[in-house]
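Residue 16 in the numbering used here sits at position 16 of the sequence shown, and the numbers go up by one each step. Heads up, the beta-carbon is just placed ideally off N, CA and C, and yes, glycines get one too. Computed from a predicted structure; not experimentally measured. For reference, the structure is listed below as structure tokens.
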Amino acid sequence: MSCTICGSVMDQNTDLVVHQVVSCGECLSEFEVLTITPLALQEIPADEEDWGQ
Ligand SMILES: [Zn+2]
Numbered sequence: 001m002s003c004t005i006c007g008s009v010m011d012q013n014t015d016l017v018v019h020q021v022v023s024c025g026e027c028l029s030e031f032e033v034l035t036i037t038p039l040a041l042q043e044i045p046a047d048e049e050d051w052g053q
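See below:
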């Protein structure tokens, strides 16, 4: 799979699971795995610590 931000190929040797967080080694963006087949990634905003709940 490739990073949706910078386009770098992200090697993923382990089996992915839904809701797993993967990160790009190039731009350090983090993604949550939404679905495996087809593979869909959701970018996790870097400043999502302040949820304000
Ligand atoms: Zn990237």
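Buried or exposed: where does residue i fall if 16 or more other Cβ atoms within 10 Å of its Cβ makes it buried?
i: S29; result: buried
i: L34; result: exposed
i: C27; result: exposed
i: C6; result: exposed
i: L39; result: exposed
Tell me which residues share the same chain as residue i and place their Cβ nearer than 7 angstroms to its Cβ, disregarding the 5 neighbours each side in the sequence.
i: A46; result: none
Can you look up residue i in the DSSP assignment and give me helix, strand or coil?
i: L34; result: strand
i: V17; result: coil
i: E26; result: coil
i: S2; result: strand
Within its chain, find whatever has a CB closer than 6 angstroms to the CB of residue i; leave out the 5 residues flanking it on each side and keep chain order.
i: V22; result: F31
*Neighbouring residues (CB closer than 6 angstroms to any heavy atom of ligand 1)*: C3, I5, C6, S8, C24, E26, C27 and S29
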